Amino acid sequence: MPRTGPATGTGQPRRARIALSVVFFVNGALFGNWVLRIPAVKDHVDAGTGPLGLALLGIAVGALLSKQVSGQLVARYGSRPITVLGITLSCLALMLPALAGNIVTLGLALIGFGAAMGIVDVAMNAHGVAVQDRLGRPVLSSLHGVYSIGGLLGALTGGAAEARGLSPLTHFALVAAVLGGASLAVSSWLLPASSDVAPRAPEGGWAKLPAERRLPLVLLGFVGLCGMAGEGAVGDWGAIYLRDDLGTSAEFAAVGYSAYSVAMAAGRLLGDRFLARWGDVRVVTWAVTFAGCAFAAGLLAGHPAAAVCGFAALGTGLSIVMPAVFSMAGRMGGPTTGPAITVVSSIAGTGFLAGPPLIGFLAQVTGLPAALGVVSVLALGAAVLLRFAASGQRAATGPPPARAAGPLH
Numbered sequence: 509m510p511r512t513g514p515a516t517g518t519g520q521p522r523r524a525r526i527a528l529s530v531v532f533f534v535n536g537a538l539f540g541n542w543v544l545r546i547p548a549v550k551d552h553v554d555a556g557t558g559p560l561g562l563a564l565l566g567i568a569v570g571a572l573l574s575k576q577v578s579g580q581l582v583a584r585y586g587s588r589p590i591t592v593l594g595i596t597l598s599c600l601a602l603m604l605p606a607l608a609g610n611i612v613t614l615g616l617a618l619i620g621f622g623a624a625m626g627i628v629d630v631a632m633n634a635h636g637v638a639v640q641d642r643l644g645r646p647v648l649s650s651l652h653g654v655y656s657i658g659g660l661l662g663a664l665t666g667g668a669a670e671a672r673g674l675s676p677l678t679h680f681a682l683v684a685a686v687l688g689g690a691s692l693a694v695s696s697w698l699l700p701a702s703s704d705v706a707p708r709a710p711e712g713g714w715a716k717l718p719a720e721r722r723l724p725l726v727l728l729g730f731v732g733l734c735g736m737a738g739e740g741a742v743g744d745w746g747a748i749y750l751r752d753d754l755g756t757s758a759e760f761a762a763v764g765y766s767a768y769s770v771a772m773a774a775g776r777l778l779g780d781r782f783l784a785r786w787g788d789v790r791v792v793t794w795a796v797t798f799a800g801c802a803f804a805a806g807l808l809a810g811h812p813a814a815a816v817c818g819f820a821a822l823g824t825g826l827s828i829v830m831p832a833v834f835s836m837a838g839r840m841g842g843p844t845t846g847p848a849i850t851v852v853s854s855i856a857g858t859g860f861l862a863g864p865p866l867i868g869f870l871a872q873v874t875g876l877p878a879a880l881g882v883v884s885v886l887a888l889g890a891a892v893l894l895r896f897a898a899s900g901q902r903a904a905t906g907p908p909p910a911r912a913a914g915p916l917h
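Here the sequence shown is numbered in the working numbering, starting from 509 and rising by one per residue.
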């Protein structure tokens, strides 16, 4: 991707940031709405817990497959049209699970939904890299913060739809119309497609990435994997730990993940300021070290209040991992930003998928509190991996460009 530095006129990139914020918000809101209606869809297709679990894997499978294609499309056509295409398809695909009549068609529908989400995931992060290049300061962290807010508000919307007795199809159709319309309304503000089209669009993705950049990108992917594994583990096991191991009520058990989610959103919204001042590597190293140690302390204390504080600390520390990783991948990718982000996103995404089963397996052997300690180990491991990735990045691309002076927001 061409690196032009900060634009002399910042009106266009500022409008692009607003438009991209809408896309990130919509993407988070779509997923939040879906999650809250899973029980209703489960009842509609009359599925058991085991078959439903297999069907839900369709989202991860679809996303993993489509990300490989999305990176190539971004390199060939630019991130703007692929972002618009991806978010539009995601809005439409939200309705697919509600149309499923049995567990098989639900699995296929979720593959389609995941594929659409995978396309926009790569494209919108690539566009975020282009926007922050034009502005001359980090913006990806706050964009991911807007995604988190979208997820929280989407979940509230889904809960309200459930309370009012709306069918999943009616609910999803209304959400798709509103969010899809909002995305299209601001799409003209995105940067032009020429802003990040590769001079000669590479074909073959990984094979066309410069050899000296492949290992650092893989290491960055594993940094993201450590963070995403922690996020998945807390989402699936946090409430169970509070209820079953610490003896809290079901209502209090929900506080743990809420504290984690709110802290993550806040950390992402504020993260750009820290990244601009101290740089990706230093801030992420501090953040994940703090997260790992604080979460471990909360587990060792064995008290509900300490555990909730540990969840909040983990959310704060992990909040900037993926934004920083995507920024570093974008700089490292050069004219192959799309494929570079695809590599990182694909590896990191497996952490979210594999983390919860790993914790469950270990819990059978060691008990859940000890198994959750793996989250702390992964957070500290991310700090070590990031150092190696950063060394490889400097060897491949030279030192990161100096930040432009000026206000951060």
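The C-beta atom is built at its ideal place from N, Cα and C for all residues, glycine as well. As the structure is a computational prediction, the values presented were derived from the model and not from experiment.
Quiz item: Cα-Cα, which of L660, A758, C801, G667 is closest to A773?
Solution: L660
Quiz prompt | Beta-carbon gap between L822 and G740 smaller than 9 Å | solution = no
Practice problem: Can you say whether F580 is buried or exposed, counting buried as having 16 or more other CB atoms within 10 angstroms of its CB? | Solution: Here residue 580 is Gln; the residue named in the question, Phe, does not match the sequence. It is buried - the Cβ of Q580 has at least 16 other Cβ atoms within 10 Å.
Exercise. Determine the direct distance from the alpha carbon of A862 to that of P710, and round the result to whole angstroms.
Key: Caution is warranted here: a pLDDT of 46 is assigned to P710, below 50, making its placement in the model unreliable, and the coordinate value is therefore given only provisionally. Approximately 31 Å, taken between the alpha carbons.
Exercise. Could you have a look at P710 and say whether DSSP puts it in helix, strand or coil?
Key: The predicted position of P710 is uncertain, since its pLDDT is 46 and thus under 50; a value taken from the coordinates is nonetheless stated next. Of the three classes helix, strand and coil, the one that applies to P710 here is coil, per DSSP.
Practice problem: For the alpha helix (DSSP H) containing L777, list its first residue and its last residue. | Solution: 758-786
Practice problem: Pick out whichever of A802, H811, S835, L807 has its Cα sitting closest to the Cα of T824. | Solution: Scanning A802, H811, S835, L807 for the CA closest to the CA of T824 turns up A802.
Quiz item: Excluding the five sequence neighbours on either side, which residues of its own chain have a C-beta within less than 6 Å of the C-beta of C650, listed in chain order?
Solution: In the sequence under discussion, the amino acid at residue 650 is Ser, which differs from the Cys named in the question. Once the five neighbours on either side are set aside, the close Cβ partners of S650 are L777, D780.
Quiz prompt | Unbroken stretches of the alpha helix (DSSP H), 4 residues or longer, contained in the stretch 633-674 | solution = Secondary structure in the stretch 633-674: the alpha helix (DSSP H) runs of 4 residues or longer, each lying completely within the stretch, are 648-671 in chain order.
Practice problem: Would you give the residue range spanned by the alpha helix (DSSP H) that R865 belongs to? | Solution: This sequence places Pro at residue 865; Arg is not what is there. 845-874 is the span of the alpha helix (DSSP H), which, as asked, contains P865.
Practice problem: Have a look at N535 and A684 and give me their C-alpha separation to the nearest angstrom. | Solution: Cα-Cα distance, rounded: 11 Å.
Quiz item: Taking all protein chains shown into account, do 16 or more other C-beta atoms lie within 10 angstroms of the C-beta of F730, making it buried, or fewer, making it exposed?
Solution: With a 10 Å radius around the Cβ and a threshold of 16 neighbouring Cβ atoms, F730 comes out buried.
Quiz prompt | Nearest-angstrom Cα separation, counted from L725 out to A848 | solution = 7 Å
Quiz prompt | Beta-carbon gap between L538 and G658 smaller than 9 Å | solution = yes
Quiz item: Counting along the chain, where does the alpha helix (DSSP H) carrying L750 start and finish?
Solution: The continuous stretches of alpha helix (DSSP H) do not include L750, and DSSP gives it neither H nor E.
Exercise. Using only alpha-carbon positions, find the residue among L607, L602, Y749, S598 that is nearest to P864.
Key: For the options L607, L602, Y749, S598, the alpha carbon positioned closest to that of P864 is the one of Y749.
Quiz item: Is S899 helix, strand or coil by DSSP?
Solution: Taken through DSSP and simplified to helix, strand or coil, S899 comes out as helix.
Practice problem: Keeping to the same chain, check which residues put their C-beta closer than 6 Å to that of L893; ignore five residues upstream and five downstream. | Solution: L727, F730, V731
Exercise. State yes or no: is the C-beta of R895 within less than 9 Å of the C-beta of V789?
Key: yes
Quiz item: Could you give the C-beta distance for G746 and F798, rounded to a whole number, given that I count them as a contact under 8 Å?
Solution: Wrong, their Cβ atoms sit about 18 Å apart, outside the cutoff.
Exercise. To the nearest angstrom, report how far apart L593 and V742 are at their CA atoms.
Key: Taking the Cα positions, L593 is about 32 Å away from V742.
Quiz item: Cβ of L643 within 9 Å of Cβ of A832?
Solution: no
Quiz prompt | Coarse secondary structure for R884, derived from DSSP in three states | solution = Before going on, a small fix: residue 884 reads as Ser here, not Arg. It is helical.
Quiz item: What residue range is occupied by the uninterrupted alpha helix (DSSP H) comprising N535?
Solution: 519-544
Quiz prompt | Three CB pairs or more closer than 8 Å across the stretch 683-697 and the stretch 802-818 | solution = no
Practice problem: Count the other CB atoms, across all protein chains shown, that sit within 10 Å of the CB of A668; report buried if there are 16 or more and exposed otherwise. | Solution: exposed
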